[in-house]
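J.:
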DNA sequence: CGGGAAATTGAGTACGTTCAACGTTAGTGG
DNA sequence: CCACTAACGTTGAACGTACTCAATTTCCCG
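Protein chains in written order, with full-length UniProt numbering: chain W, 1 to 245; chain F, 1 to 245.
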């Protein structure tokens, strides 16, 4: 138990109105009084440790989550136990939308680092959204952005050359870090090479070789999980299909 | 121009309450009086001819569409003009969600056959959804199903073997036809081999060879676009990862 | 019936996978 | 604080599958 003043500070620091992700999250574009109503249905969950599951395949979809600190991966499991990483979720990005369709999660969500999430009960969100017109729109916008990232993923998978896939991947991450107000040209990968390989449909060795190749070509600098994009122009060109050969 | 009685029949046949797709579409689970309110904002569009665009990259996202008769493909265009089929849309399935995120369509939508769509202005849908709680939920369910199909697509792309991709593709189509109340074990592909190849990340020759191989193995029977699934068990096994070797 | 697109088939090549060995990093306990 | 260990990552050589290029056949629509 804590004394009253401390609780207040904690509350203040933690609610939507004061969240650094506010612009990216559900409250964006909603007037202060309505943010308060939204805030009341958002549960702050205790931290999720690295490697811990946020939810699992088959569990009900009573809530959606927003990564608040730390990033997550979602992993689809075939019946035979083969796994595939289908998404990475940086702070401000929604997790758990996969269950909207049939009420059951189709994938596992696992924390890539020690993380923290906001938890939004769907039923209560519906109630608030019905009363706050802007929230409904914003919910669809956020869902739409999530679908856009899925489409980006698909575009990566459709590239024939492993190098192109990796460049697209780095470009996508770069943009998302910049959206978070961080440096998009130098960042730490929160995931392993194995995760990247699974996400891109490549084996780990190929990912490793691609990183090495891109470094040799002077396009990026890699050291472990630390990455710097040296020739953003070249990467952007590859993204737009003007291949380098 | 038509005489009054004919118009009435047309109207009756065309509105949501009498649509054969009702169970799959936005009205599902909404009481009759509310269906009427939804119905009032749904515009029936004049038929879309085979090969015609429903919308194009960059156009605003004022509306979403539901395929009513005939199917569609959505095609993403890289800046260099390279195209990739990112989705097929059978009757009852939503088209145009790709613009929810940023208000602009990221792909072209093209009719694969002479088709007909329902057109739903987003702004008006928001209004009705705010008043009809069930509609909001149903909209999210339909969106969720659409995301589920995207995830299925991704799972196809992640398969290493071309045969597996094609089998997953046929399985997915089969299920969707059955949802429509049609025969899931024998159907006509609405799209070309080229479309299939683009969708699966394979060249057209590989798609052709896979069809031939699957036919030689007795798994399917193909003749042009007419397909029959002979060993659904084997296909289901492949889908679940128990490869055939 | 003719023309053009769609689909099939064949041979050679390129790229990523597989299998295997080695290096490196980070987290743990003595 | 350092040694130890296991997970993570890199590099190399041989192989296999899908791609490329090219020729031919089938199908569909006017």
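Ideal Cβ positions, reconstructed from N, Cα and C, are used throughout, including at glycine.
(1) Do the CB positions of residue 193 of chain W and residue 203 of chain W come within less than 7 Å of each other?
(2) Quick one: is residue 86 of chain F near chain W, going by C-beta distance under 7 Å?
(3) At a CB-CB cut-off below 9 Å, which residues of chain F make contact with residue 155 of chain W?
(4) Which one of F:53, F:167, F:177, F:240 has the shortest CA to CA distance from residue 117 of chain F?
(5) Using a cut-off of 9 Å between C-beta atoms, extract the partners of residue 133 of chain F located in chain W.
(6) How would you list, in chain order, the residues of chain W whose beta-carbon sits under 8 Å from the beta-carbon of residue 144 of chain F?
(7) Who are the neighbours of residue 147 of chain W on chain F, taking C-beta pairs under 9 Å?
(8) May I ask you to list, following chain order, the residues of the region 198-219 of chain W that have a beta carbon less than 7 Å from some beta carbon of chain F?
(9) Beta carbon of residue 111 of chain W, beta carbon of residue 105 of chain W: below 7 Å?
(10) Kindly say whether residue 173 of chain W, judged by its beta-carbon, lies nearer than 7 Å to any beta-carbon of chain F.
(11) Would you mind telling me which residues of chain F sit closer than 7 Å to residue 140 of chain W, beta carbon to beta carbon, in chain order?
(12) Under three-state DSSP, which class holds residue 3 of chain F?
(13) Work out the CA separation of residue 65 of chain W and residue 141 of chain W for me, nearest whole Å.
(14) Contact between the region 117-136 of chain W and the region 167-186 of chain F: three or more CB pairs below 8 Å?
(15) Here's the rule I'm using: 16 or more other beta-carbon atoms within 10 Å means buried, otherwise exposed. How should residue 15 of chain F be labelled?
(16) Tell me the start and end of each unbroken beta strand (DSSP E) in the region 16-81 of chain F that is at least 3 residues and wholly inside, in chain order.
(17) Taking residue 94 of chain W as the reference, which of W:75, W:108, W:68 has the closest Cα?
(18) At the 7 Å Cβ level, is residue 158 of chain W part of the contact set with chain F, yes or no?
(19) DSSP three-state label for residue 168 of chain W, please.
(20) Does the pairing of the region 182-200 of chain F with the region 81-88 of chain F give three or more beta-carbon distances under 8 Å?
(21) Taking residue 27 of chain F as the reference, give the member of F:135, F:102, F:109, F:229 with the closest Cα.
(22) Pairing CB atoms from the region 32-40 of chain W with CB atoms from the region 124-135 of chain W, are three or more of them under 8 Å?
(23) What first and last residue would you give for the beta strand (DSSP E) that runs through residue 234 of chain F?
(24) With which residues is residue 87 of chain F paired in a DSSP beta bridge?
(25) If you follow the beta strand (DSSP E) that residue 226 of chain W is part of, which residue opens it and which one closes it?
(26) Taking just the CA atoms, how far does residue 235 of chain F sit from residue 249 of chain F?
(27) Could you give the C-beta distance for residue 92 of chain W and residue 21 of chain W, rounded to a whole number, given that I count them as a contact under 8 Å?
(28) So residue 107 of chain W and residue 42 of chain W are in contact, right, with Cβ under 8 Å, and what is the actual spacing, rounded?
T.: Concretely, from the data shown:
(1) No, Cβ-Cβ distance for residue 193 of chain W and residue 203 of chain W is not below 7 Å.
(2) yes
(3) 76, 78, 84, 86
(4) F:53
(5) 126, 127, 130
(6) 97, 98, 99, 100, 101, 102
(7) 97, 98, 100, 101, 143, 146, 147, 150
(8) 201
(9) no
(10) no
(11) Those are 100, listed as they occur along chain F.
(12) Confidence is the limiting factor: at residue 3 of chain F the pLDDT is only 47, short of 50, which leaves the residue's position unreliable and the question unanswerable from this model.
(13) 16 Å
(14) no
(15) buried
(16) Fully enclosed beta strand (DSSP E) runs of no fewer than 3 residues occupy 53-55, 63-69, 72-77 of the region 16-81 of chain F, in order along the chain.
(17) W:68
(18) It does: the Cβ of residue 158 of chain W has a partner Cβ on chain F nearer than 7 Å.
(19) helix
(20) yes
(21) F:135
(22) yes
(23) Premise fails: residue 234 of chain F lies in the alpha helix (DSSP H), 232-239, not in any beta strand (DSSP E).
(24) F:74
(25) 226-229
(26) Residue 249 of chain F is absent from the structure shown; chain F starts at 1 and stops at 245.
(27) Confirmed, about 4 Å.
(28) The pair is not a contact, with the Cβ atoms about 23 Å apart (cut-off 8 Å).
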